[in-house]
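Trainee: Below is the structure I would like to discuss, written out as structure tokens.
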Amino acid sequence: MGFDEEVWSLLRKIPRGRVTTYKLIAEAMGSKAYRAVGNACRRNPYSPTVPCHRVVKTNGMVGGFGGEVSGRNVERKIRMLRMEGIEVKDGRILNFSKKLFKFR
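Numbering (our numbering), first residue to last: 818 to 921.
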């Protein structure tokens, strides 16, 4: 399995209504390639079935989506998160620590 496929496999484990971080995905893979995780999310051909919209920055900020760091795609990511019950204010996940999914 290649790097991207491993990322996409982990994305499938993130439950609806929860988020994880690029860092936590990389660490679950035994890596520190946080940016490469973001790139794999950007290349995800299976979205939203493989939920890359549930991956956010370590500081709780929503981060980019679809190759953009602001604009229409990020607004779409926020809408998708809200539809799953995640509250977002000013680009930040509210109750971030309670919504954070950690891989075992």
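Even for Gly, the Cβ is constructed at its ideal location relative to N, Cα and C.
Here the structure is a predicted model, which means the values were calculated and not measured.
1) Can you grab the Cα-Cα spacing for the pair G819 / K919, in whole Å?
2) Check whether the Cβ atoms of R829 and V867 lie closer than 7 Å to each other.
3) Buried or exposed, going by whether 16 or more other CB atoms sit within 10 Å of the CB of K874?
4) Give the straight-line distance between the Cα atoms of N912 and E904, rounded to the nearest whole angstrom.
5) Within its chain, find whatever has a CB closer than 6 Å to the CB of M878; leave out the 5 residues flanking it on each side and keep chain order.
6) If you count every other CB in all the chains shown that lies within 10 Å of the CB of G881, and 16 or more means buried, which is it?
7) Give the single residue among R889, M897, V854 whose Cα lies nearest to the Cα of E790.
8) My parser needs the alpha helix (DSSP H) runs of 4 or more residues fully inside the region 838 to 898; what are they?
9) Measure the C-alpha to C-alpha separation of F834 and L898 and round it to an integer number of angstroms.
Mentor: So, from the listed chains and residues:
1) 22 Å
2) yes
3) buried
4) 8 Å
5) G908, R909
6) buried
7) No answer is possible for residue 790: it lies beyond the span of the chain, which begins at 818 and ends at 921.
8) 839 to 845, 851 to 859
9) Checking the sequence, you will find Gly at residue 834 rather than Phe. The straight-line gap from Cα to Cα measures roughly 7 Å.
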